[in-house]
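A.B. asks: Protein chains in written order, with the numbering used here: chain A, 18 to 566; chain B, 3 to 359. Virtual Cβ for every residue (Gly too), placed ideally from N, Cα, C. Note that the coordinates shown come from a computational prediction; the quantities given were computed from them, not determined experimentally. This structure is in C-alpha cells; I'll ask about it shortly.
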Amino acid sequence: MATVARQPETTAAEARGILGWLTTVDHKKIGIMYMLSAAIFFAVGGLLAVLVRLELALPGGQVLTAEGYNRAFSLHGTTMIFLVVIPFLTGGLGNYLVPLQIGARDMAFPRLNALSFWMFLFGGLTIYASFLTPGGAAAVGWTGYAPLTSTTFSPEVGVDLWAIGIVLIGTSSTVGAVNYITTILNMRAPGMSLFKMPLFTWSLLVTAFMVLLATPMLSGALAMQIADRNFGTQFFVPEAGAPVLWQHLFWFYSHPAVYIMILPAMGAISEILPVFSRKPIFGYAAIVWSTIAIGALGFTTWAHHMFTTGLSPVLEAFFALSTMIIAVPTGVKMFNWIFTMVGGSLKFDTPLLFSIGFLSMFLIGGISGVFQAVMPLDRQLHDTYWVVAHLHYVLFGGSIFGGVAALYYWWPKFTGWKLNEKIGKIHFWLMFVGFNLTFFPMHILGLLGMPRRYFDYPAARGWTEYNLAATAGALLIAVAFFVALANIPISASQRAKAGDDPWEADTLEWATSSPPPYFNFARIPVVKSLRPVRDARMALKDSARAAGD
Amino acid sequence: MPNKNTIKVLRLASVAVVALAAALILPMTVGAAPPSPLNPASNIARDLSQLFWIVLAIAGVVFVIVEGLLIYTIIRYRRRYEHEMPEQIHGNPTLEIVWTVIPTLIMIALFVLTLDVANRARQTPDDAYVIEVVGRQWFWEFSYPDTEITIFTPADDLFIPADTPVEFQITGGDVIHSFWVPEIAGKYDAIPGTVNVFWVTVDEGTYAGQCAEFCGLEHYNMLFDVRAVPQAEFDEWMAEKVAEAEALAANTAGTDLTTELPPGDAARGELLFGEGYNCISCHSLDGTDGVGPSIQGLGDRAATRIADYTAQEYLRESILLPCDYVVAGYPCVMPQDYGERMTYQDLADLIAYLLEN
C-alpha cells in the first residue's frame, strides 16, 4: 500500500458554515446530514412508539384517542423504516464510508448524491406536513392497504401527502442506488478486486441492486394509489380492480426492504467483529455469496406476508419454501460471525458489545421468522404481537443494534475523538435489557391471541401483564436513548484524541486522517490484500523491531 | 472488565431462558382466558397447535446450540493480555459445508411437514354446514343460507353447531378485515370482491373472536363471541331467530318514507342507538368528530338540513337512505340496509331519541 500524505489544502473551495452544509456535494458531509436527519426522525418515531406503549400499558384509554393511536402507529412504522433505518444505514453510513473504504475521492455523481439527500429530507417533511392539514396525518398503517386508503374510507389529504412523501424518498433511494453501484464498480483503488473489497462495501453493493430493482415497484404502486384517490382510476377498487394487487406490489418492494435494512448492518458487524477479535473474518467468500444469495432470494418471498389472503395452494407452497430457504444463507453468516470470534482475542469495547447484541437478538428474530414461513401456522401468528416481536427482533435487535455498533465504531473517523466507553457500555446494557423487556413479552401476547394495531383491549382477554412489561421496557429504551445522547457532549468536552486508527482496524477508511480531508486521500492507495491497513501497521511494527535490534 | 461483562451476559441469558420457559407454560395456566391458538378447540386448531410445538422444539434446539456457542465464545476468547495475537484463521471449508447442508435439510423436513398440515385443512367435507361472514366497519354480519337468517355483532353472538363440520365463507363489505377465532382456526381475510373459505369442527364452548386486519378507526372494537352449542340447542336458537325474522319482515320500515310511524319511545331509542344497532360507534354523543357526524344538537339541526323536510322526515331519510343526503365533509359509508333490519317501532323510537339530542 502506498503511504498516505496529508493534503494541506484542497483545490476546490468549499463554502464554510451553514452555507457549506447546504450546498455541499461532499459524500462525507452528505453522509453526516443523512445520519443527523435520521437521528432526529428516530427521536420522533421513538416518541410515537412510547405514546403507543403508554396507551397499551393497561386496558382503557390512557393518553390517546383511537384516531390518535392509529396515526401514531402508522407514522411510527413509516418513520422508522423510511426515515430512520434505510437513510441511516444506506444514505448515512454508506455515503460516508463507501468511497473511503474503496479508496475513492467521492461518489461517482456528487451532485446526484446531494439531490438524493434533499429529496429524502423533503420527502420526510412532506409526510410530517400532513399534521398541518385539516384531516390530520394518515392513519392507514405503514402498509396503506387498499381499499382502506381510498377516498371513501380515508378522505383526508394526509394520505396523499404520505404517498407523495414516500415516492420522493423512494426516488431518492433509487438514484442513490445508481450512484453506489457506479461508484463501487468503477472507482475502487488499484488492486482492489471485487473479492478484496471490504464486506461493508459488499453489503452496500448488494443493497443498492435491491433498491434499484425493488423501489420503482413501490413508487409505481403509490402513483397508482394517488391516481385512484385523485384522478378517478380504479386500480385497487374492489368493484373494478383488485385490492390484493396493492399487497403484491407493496410487498414486492417491502419484503426486499427488510434485507435493504439488514444487509448494511450485517456489513457493519462484518467489519467490527474481526477488528475486535484481532482475526480476519471467517469465510469471507461465504459471507459475500450469502449476501448475494439473500439479495436474490429476497425477491422471491414477498407473498409470505399474504398467507391469509387466500393464495392458491401452489403459490402458498412456493412462498413457504422460498422463505425457509432464505434462512440458510442467513444461518451461514451467523456461523461465520461466531467463528470469526472463536479463537480470537476479544476486546469488549462498545462496538463489539452492540455487535454481539446484534448476533444474539437477530438470531431470535431469524428463528421466529421460520415459524411464520410454515404457512398454516402463519394463519395463527400473522398480524398478532408475535409478528410485532419478530419484526422488532430483526429491525431493532438487528438493524438498530448493528447501526449503533457502527456509530460507536466509526465515530472517531467522523470526528477525530472517541465516544466515552463507560457511558457507551451503560447505553448498551440499558438498551439490551429495555429491548428484551419490550419485545420478548410480545411473542407471548401473540400466542395469547392479541392482534396488532389494537387501540384497546378488554381486561378479560388476559393480556394486561405482558403489555405492562412491554411498556416498562419501552421507557427503559427511552432512557438508553438519552444516555447515548448525553454521551456526545460529554465525550466532546473530553476530546479524547482518537488518532487515525483507534481500533487497530483493517480497511482503507482508517488509512487517512480522522476526520478525513476533503479529498479523502492525497494519494490513491494501492491495495494488495483484504486488510491493507493492518498490513501497513504490521510492516511498520516489523521495521521498528528490526531497527531496534 | 470483559470478565464482568461476560458474567452479565450469562446472567441475562439465563433470565431469558427462564422467561422463555415461563412464557410457554403461563398461557396454559393463567386464570384469565386469553383466546390462545395454543388452547385449541377444533380439529384445525389442534393441528396448528401441534405444529407450533413441533416447530418450537426444532427452533429451541437451534437456539440453544447457536446462542450457547456464542456465549461460550465470548467467555472463552476474551483478550487476556494487551499484545495477544491469535492465529489468523481465514475459514474452514468443511465446517462451512456442514452449516450450509444441515440447515437446508432441516428446512426441507419442515417444508414437508408444512405441506401435510396445509393439505389436511383444505379438504372440506361435503356435508359441512355453511355460514357466510361479511366483515364491515366495524361489525360482523353472519348469514345462514339454509334459513336466510342474518345476524349482526355486537348485538348477537355467532351460534354454530358443535361437533359438526362448519364451512365459513368470508368476504369484506367495505375494506379488508380478517376473521379470526384463535381457538378454532387461523385467520382468513375478509376481502371485498373475494370469498375465502375454510371449514372446521368445533368442540362445544364459547370462544372469543376478533378482527385481525387493520380496518380503520375501530379495528379494535370488532370483538365477538362464537357459541358452539349441541345441534338440538342450535336448532332451537335458529327456530327463535326465524320466528323473530318473520315478525320483523311483516313490519320492517324498508325504504318507506311516508307511512305514519307509531309513537316513539326515546328511552328505548337510546338502547337501540347504543347496543342495538351500534350507531354510537360512528356517531358520538358529545360532539367528538367520528366517521359520521356527532348527534350532539341534532334535534335542533335536523329540520334545517333539507328544505321542506321536517326534522322527523330528515332523520327518517338519513337512517333508511343514508346516501341520499350526506353532511358535507363526511363519506357515505353508513350501511344502507337498516330499513330491512328495523321495524317501524324501532325507527320511531330512534327518531324520538335523536330529536332529544
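In chain order, what residues of the same chain lie with their CB nearer than 8 Å to the CB of THR326 (chain A), ignoring the 5 residues before and after it?
C.D. replies: Taken in chain order, the residues that qualify are VAL261 and GLN264.
A.B. asks: Run the CB neighbour count on SER560 (chain A), radius 10 Å, all protein chains shown included, and call it buried at 16 or more, exposed below.
C.D. replies: Burial call: exposed.
A.B. asks: Give the interface partners of LYS189 (chain B) over in chain A, defined as CB-CB distance under 7 Å, in chain order.
C.D. replies: The answer, in chain order, is THR325, ARG396, HIS399 and ASP400.
A.B. asks: Counting only beta-carbon separations shorter than 7 Å, does ILE27 (chain B) have a partner in chain A?
C.D. replies: Annotation note: pLDDT 49 at ILE27 (chain B) (below 50); position unreliable, no value reported.
A.B. asks: Using the C-alpha atoms, what's the distance from VAL244 (chain B) back to THR149 (chain B)?
C.D. replies: Roughly 7 Å separates the two Cα atoms.
A.B. asks: List the residues of chain A whose Cβ lies closer than 7 Å to the Cβ of ASN2 (chain B), in chain order.
C.D. replies: Within the shown structure, residues of chain B are numbered from 3 to 359, placing residue 2 (chain B) beyond reach of any answer.
A.B. asks: TYR402 (chain A) and MET459 (chain A): beta carbons closer than 7 Å?
C.D. replies: A contact, by the Cβ cut-off of 7 Å.
A.B. asks: Compute the beta-carbon to beta-carbon distance between LEU322 (chain B) and GLY341 (chain B), rounded to the nearest angstrom, for a pair I have assumed lies under 8 Å.
C.D. replies: Confirmed, about 4 Å.
A.B. asks: Give the DSSP bridge partners of GLU1 (chain B), in chain order.
C.D. replies: Any property of residue 1 (chain B) remains undetermined from this structure, which presents chain B solely from 3 to 359.
A.B. asks: Would you list, in chain order, the members of the region 46-76 of chain A that have their beta-carbon closer than 7 Å to a beta-carbon of chain B?
C.D. replies: From the region 46-76 of chain A, no residue has a Cβ closer than 7 Å to chain B.
A.B. asks: Rounded to whole angstroms, what is the Cα-Cα separation between TRP351 (chain A) and TYR279 (chain B)?
C.D. replies: The residue asked about is misnamed: residue 351 (chain A) is Met in this sequence, not Trp. Roughly 56 Å between the two C-alpha positions.
A.B. asks: Taking ILE384 (chain A) and ALA61 (chain B) to be in contact with their CB atoms under 8 Å, please state how far apart those CB atoms are, rounded to whole angstroms.
C.D. replies: Right, the Cβ-Cβ distance comes to about 5 Å (below 8 Å), so this counts as a contact.
A.B. asks: Comparing alpha-carbon positions, which option in A:SER530, A:PHE456, A:GLY565 and A:GLY34 lies nearest THR432 (chain A)?
C.D. replies: For the residues A:SER530, A:PHE456, A:GLY565 and A:GLY34, the minimum Cα distance to THR432 (chain A) belongs to A:SER530.
A.B. asks: Do you know offhand how far GLN338 (chain B)'s Cα is from CYS325 (chain B)'s?
C.D. replies: Their Cα atoms are separated by approximately 8 Å.
A.B. asks: For a cutoff of 7 Å on Cβ pairs, would you count THR312 (chain B) as touching chain A?
C.D. replies: No, because no Cβ of chain A sits closer than 7 Å to the Cβ of THR312 (chain B).
A.B. asks: Distance check for GLU319 (chain B) and ALA234 (chain B), CA to CA, integer angstroms please.
C.D. replies: Their Cα atoms are separated by approximately 42 Å.
A.B. asks: Quick one: Cα of ALA266 (chain A) to Cα of ALA320 (chain A), how far?
C.D. replies: What sits at residue 266 (chain A) in the sequence shown is Leu, not Ala. Cα-Cα distance, rounded: 10 Å.
A.B. asks: Helix, strand or coil for ASP227 (chain B)? Go by DSSP, reduced to three states.
C.D. replies: Looking at ASP227 (chain B) - three-state DSSP - the assignment turns out to be strand.
A.B. asks: Checking 7 Å against the spacing of the C-beta atoms, do SER189 (chain A) and PHE137 (chain A) come in under that value?
C.D. replies: Result yes, Cβ atoms of SER189 (chain A) and PHE137 (chain A) sit closer than 7 Å.
A.B. asks: Is the separation between the beta-carbon of ALA210 (chain B) and that of ALA268 (chain B) shorter than 7 Å?
C.D. replies: For ALA210 (chain B) and ALA268 (chain B), no; Cβs fall outside 7 Å.
A.B. asks: Please find out if some non-hydrogen atom of the ligand SAM comes closer than 6 Å to the beta-carbon of ILE73 (chain B).
C.D. replies: Because no ligand of any kind appears in the structure shown, any question about the ligand SAM cannot be addressed here.
A.B. asks: How many angstroms separate the CA atom of TYR51 (chain A) from the CA atom of THR96 (chain A)?
C.D. replies: Those two C-alpha atoms are separated by around 14 Å.
A.B. asks: In chain B, what lies closer than 7 Å to VAL337 (chain A) by C-beta?
C.D. replies: Before going further, note that residue 337 (chain A) is Ala rather than Val in the sequence given. Neighbours of ALA337 (chain A) on chain B, chain order: PHE113 and THR116.
A.B. asks: Write down the C-beta distance between THR367 (chain A) and ILE298 (chain A) rounded to the nearest angstrom, noting that I regard them as a contact closer than 8 Å.
C.D. replies: With 8 Å as the limit, THR367 (chain A) and ILE298 (chain A) do not qualify as a contact, their Cβ atoms being about 20 Å apart.
A.B. asks: Can you tell me where the beta strand (DSSP E) with GLU143 (chain B) in it begins and where it stops?
C.D. replies: Per DSSP, GLU143 (chain B) belongs to the beta strand (DSSP E) from 141-146.
A.B. asks: Can you give me the Cβ contacts of THR155 (chain B) inside the same chain, cut-off strictly under 6 Å, excluding the 5 residues immediately before and after it?
C.D. replies: PHE141, TRP142 and PHE226.
A.B. asks: To the nearest angstrom, how far is the alpha carbon of VAL391 (chain A) from that of ALA337 (chain A)?
C.D. replies: The straight-line gap from Cα to Cα measures roughly 6 Å.
A.B. asks: When you compare only the Cα positions, how much space is there between ASN504 (chain A) and VAL61 (chain A)?
C.D. replies: Answer to the nearest angstrom: the Cα atoms are 19 Å apart.
A.B. asks: Pick out the complete alpha helix (DSSP H) segments inside the region 415-488 of chain A, 4 residues or longer, and give them in chain order.
C.D. replies: Listed in chain order, the complete alpha helix (DSSP H) runs (minimum 4 residues) inside the region 415-488 of chain A are 418-432 and 438-464.
A.B. asks: Starting from LEU100 (chain A), follow the beta strand (DSSP E) in both directions and report where the run begins and ends.
C.D. replies: Run containing LEU100 (chain A): none; DSSP gives neither H nor E here.
A.B. asks: Please look up how many angstroms separate the CB atoms of SER38 (chain B) and LEU465 (chain A), rounded, as I've assumed it's under 8 Å.
C.D. replies: Between LEU465 (chain A) and SER38 (chain B) the Cβ distance is about 5 Å, and since that is below 8 Å, they are a contact.
A.B. asks: Any idea if ARG82 (chain B) is buried or exposed, counting beta-carbon neighbours within 10 angstroms, 16 or more meaning buried?
C.D. replies: It counts as exposed.
A.B. asks: Measuring CA to CA, which of B:GLU242, B:MET109, B:VAL17 and B:PHE181 is closest to ASN198 (chain B)?
C.D. replies: Nearest option by C-alpha distance: B:PHE181.
A.B. asks: Taking Cβ-Cβ distances below 9 Å as the criterion, which residues of the region 469-480 of chain A are in contact with chain B?
C.D. replies: Those residues of the region 469-480 of chain A that come within reach of chain B (Cβ to Cβ, closer than 9 Å) are ARG469, ARG470, TYR471, PHE472, ASP473, TYR474, PRO475, ALA476, ALA477, ARG478, GLY479 and TRP480.
A.B. asks: Kindly indicate which three-state DSSP category SER44 (chain B) falls into: helix, strand or coil?
C.D. replies: SER44 (chain B): strand per DSSP, three-state reduction.
A.B. asks: Check this for me: beta carbons of PHE170 (chain B) and ILE133 (chain B), under 7 Å apart or not?
C.D. replies: Yes, these two residues count as a Cβ contact at 7 Å.
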